[in-house]
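Note that the sequence shown covers residues 135 to 740 in our numbering. Yeah, the Cβ is synthetic: ideal placement off N, Cα and C, and Gly gets one too.
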Amino acid sequence: AALPLEPLDTESIARIVSDRAGLDLSEERAERIIELAEGNPLFAEQFVAALEHDDLDRVPTSLGGLLASRIDQLGPAEKDLLRCAAVAGSELSQQALDVLVPDGARPFLQHHLAALQRRRLLHRSGGAISFGHDLIRDAAYRSVTRSDRARLHQRLAEWLASEAEGRGAQDDAVIGHHLEQAVRNRRELGLDDEPTDTLAIRAGERLAAAGSAAFARMDLPAAQDLLSRARRLLPTDHDLRTEATQKLAETSLPIGHHATAQELLAELAERPDVTEAERWSARLERTRSLCLTDPGPGGLDAAEETTAQALAFFDRVDDDTGRAQALFLQGWLELLRGRPVQAEETAWRAVEHAGRAGAYREEAASRWLTLQTLMEGPTPVGDCLDRSQTLTSLRGASHAIAMLDEARLLAMTTRFQEADEHLEQAQQLAIERLRVPRMTMFVDWAKADVHALAGRVPFAIRSYRAALDRARAGREREHTAHLAARLALLLAGQDRPAEAGEPAAESRAAAPPGYVSVQVLSRAADSRTMVADEPDAALTLAREAVDLAPEQMTNLRAEAMLQLAVVEQVCGRGPDARTHRDQAARLYRQKGNLAAESLAASTSPA
């Protein structure tokens, strides 16, 4: 999100003017600059610089106009030098300028560079040259003709490529950018010819290589940007376009761009030039995305059939990456069906195959899934925590998303301070390493669960709302249904049934058929919000929730029991309410969820 910056106060602007102008500036002119700057420090600095050569009263009073005017008044050689620097970028080396300036201007480069420094348009520190502000660079770039832009970008790219030869792919993104800009400007001039097409292929190849490198290091925003641009440049029959499309789709999933991912994967699955392995991989990824957004008419049955067919294929061709991909989806579907014990076994097989193949993405996903199945299943919390130490570490680094489940487990044992510390560390890792806004949904979700277990209900409500907003924005039905139900149950527990009615209805509408956890929680939330007006219907829904909750999903079944107890108490069934509340507490104790057991024991279903 953009951070709005308030204008500086008059005293601060006056200090900038005094520092930049020195002692020769009259008080009258200083006051005039302070007035015109309107709190903008760049404006103030540029007005001071303009004073050396212009009548202040004739200087344009818009920043864009001021910068354009100052550039127009430069000498031809200085103007050319500034424009060449603008093509190179906000920061550049003197070697890059040597390449771009005309041959005849090269002997006078230092002289003109010094002049631009005096005018505060360029700065130099050692061998590095930079613009005082991106707005100055933008103004200079706008003054370059399209034909010159195309020519200079191409020249710089070719020089960078020759300099980078033998150094690997570290410069691919920069070289690809300059080739891309050359293509864009040529096409805007109407030069949609063979040389332009050749440049486009070269640009696409460089950007695809840079995007693949970003994908490998899990820099998802960079991968998405680079691979998207590569796809736009490469012809449909180019070999790298298929690979770029696959990786872009896989990048779009964790970012939350499901519609884009599904469209790309459908395209891949139908392409005649892809391998059978690529076709099955695309089908798996598309199924994975659809299960979050809209499983479709076939729902989980169709997803399970696709997964089984893909796994059979990858077993036949002995492809460990494909096996890991299929096993992850199979395990996740088993968990959605309410079978965490089977899901745990499947997820661990996925971890092993992914590790054997060196498939980082699948190994990370499968480690998270393994921990998720342990937490959702009957394994005692203490044993879950023992195993989490292995699962939250991947190739010497902490696994941010798996750490969120570890925080939940710590909270279940009432180690709330440790849980909070885990959440803070996981949040920092998710933001700094993954840099994907969607990941904040999972962080807020985990925070809400920990707050709820700690009895910090207002904070839990706030965090559930934040996570729910993200789920809605991504149109992720499963997550929306789950979070809305959790929010409704908390609000109902605070004697706010009218307020809880809206998220309960949202959960009911979003909950996909066959998704056990969300179906249980949705019914429980509905029963809590309608019990005062429709007690019989509420009782029926609460009982359905208990019946749907599998024996092996201990925490979920305990929660359904507890919600049934509350509904029964309101319906005047005190003995039944006490029985089910005690059963819920016993299940929580069996799981080792001490925090939930304590809350259940202290809950008065009145």
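Start-to-end residues for the beta strand (DSSP E) that takes in residue i
i: Ala262; result: 262-265
Exposed unless 16 or more other CB atoms sit within 10 angstroms - verdict on residue i
i: Thr524; result: exposed
i: Arg320; result: buried
i: Thr427; result: buried
i: Val451; result: exposed
i: Gly465; result: buried
i: Glu555; result: exposed
i: Thr409; result: exposed
i: Asp232; result: exposed
i: Glu558; result: exposed
i: Asp326; result: exposed
Inter-residue spacing [alpha-carbon to alpha-carbon] between residue i and residue j
i: Leu368; j: Ala643; result: 42 Å
i: Asp331; j: Arg620; result: 54 Å
i: Arg596; j: Ala582; result: 8 Å
i: His585; j: Gln288; result: 56 Å
i: Ala735; j: Asn727; result: 12 Å
i: Gln779; j: Leu543; result: Outside the displayed span of the chain (135 to 740) sits residue 779, for which this structure offers no information.
i: Phe550; j: Asp578; result: 16 Å
i: Tyr220; j: Ala295; result: Going by the sequence as given, residue 220 is Ala instead of Tyr. Approximately 19 Å between the Cα atoms of the pair.
i: Ala211; j: Glu297; result: 27 Å
i: Lys213; j: Ala239; result: 12 Å
i: Gln506; j: Asp539; result: 7 Å
Helix, strand or coil at residue i according to DSSP, with G and I counted as helix
i: Ala531; result: strand
i: His257; result: strand
i: Leu226; result: strand
i: Tyr275; result: helix
i: Glu610; result: coil
i: Leu323; result: coil
i: Gln717; result: helix
i: Asp660; result: helix
i: Ala666; result: coil
i: Asp449; result: helix
i: Leu157; result: Because the pLDDT of Leu157 is 46, which lies under 50, any placement of that residue in the model is unreliable, and the question is left without a value.
i: Pro826; result: For residue 826 there is no data in the structure shown, the boundaries of the chain being 135 and 740.
i: Leu250; result: helix
i: Asp629; result: coil
i: Leu368; result: coil
i: Glu438; result: helix
i: Thr513; result: coil
i: Arg417; result: helix
i: Ala498; result: helix
i: Arg712; result: helix
i: Thr547; result: coil
i: Asp282; result: helix
i: Gly433; result: helix
i: Asp407; result: coil
i: Leu706; result: The sequence as given places Gly at residue 706; Leu does not occur at that position. In the structure shown, Gly706 sits in coil (DSSP, three-state: anything other than H, G, I, E or B).
i: Gly489; result: helix
Contact under 8 Å by Cβ, residue i with residue j
i: Ala658; j: Pro631; result: no
i: Leu721; j: Arg691; result: yes
i: Leu216; j: Leu250; result: yes
i: Arg471; j: Val650; result: yes
i: Val475; j: Gln697; result: no
i: Ala694; j: Ala683; result: yes
i: Ala354; j: Leu341; result: In the sequence as displayed, the identity of residue 354 is Leu instead of Ala. Not in contact: Leu354 and Leu341 (Cβ atoms no closer than 8 Å).
i: Gly345; j: Ala395; result: no
i: Thr376; j: Gln358; result: no
i: Pro541; j: Ala560; result: The question names Pro, yet the displayed sequence has Ala at residue 541. Cβ atoms of Ala541 and Ala560: closer than 8 Å.
i: Thr663; j: Gly627; result: no
i: Asp454; j: Ala499; result: no
i: Leu333; j: Val317; result: yes
i: Ala729; j: Leu528; result: no
i: Leu673; j: Asp660; result: no
i: Leu374; j: Glu397; result: no
i: Asn737; j: Arg715; result: In the sequence as displayed, the identity of residue 737 is Thr instead of Asn. In this structure, Arg715 lies closer than 8 Å to Thr737 by Cβ.
Host alpha helix (DSSP H) of residue i (start-end)
i: Thr376; result: 373-389
i: Arg471; result: Where Arg471 is concerned, there is no enclosing alpha helix (DSSP H), given that its DSSP letter is neither H nor E.
i: Arg240; result: Segment: none, Arg240 is in no alpha helix (DSSP H) and carries neither H nor E.
i: Pro646; result: First-last for Pro646: undefined, no H or E at that position.
i: Met687; result: No alpha helix (DSSP H) holds Met687; DSSP gives it neither H nor E.
i: Gly726; result: Per DSSP, Gly726 belongs to no alpha helix (DSSP H) and is neither H nor E.
i: Ile335; result: 328-350
i: Glu566; result: Counting along the chain, Glu566 falls outside any alpha helix (DSSP H), and DSSP gives it neither H nor E.
i: Ala588; result: It is not in any alpha helix (DSSP H) - Ala588 carries neither H nor E in the DSSP assignment.
i: Thr737; result: Unbroken run through Thr737: none, as it is neither H nor E.
beta-carbon residue i near the ligand ZN non-hydrogen atom, thresh 7 Å
i: Met575; result: Absence of the ligand ZN from the depicted structure is noted, as is the absence of any ligand whatsoever, leaving it without description.
Residue-level contact to chain C via CB, residue i, 8 Å cutoff
i: Val701; result: Going by chain labels, chain C is absent from the structure shown, which holds only one protein chain.
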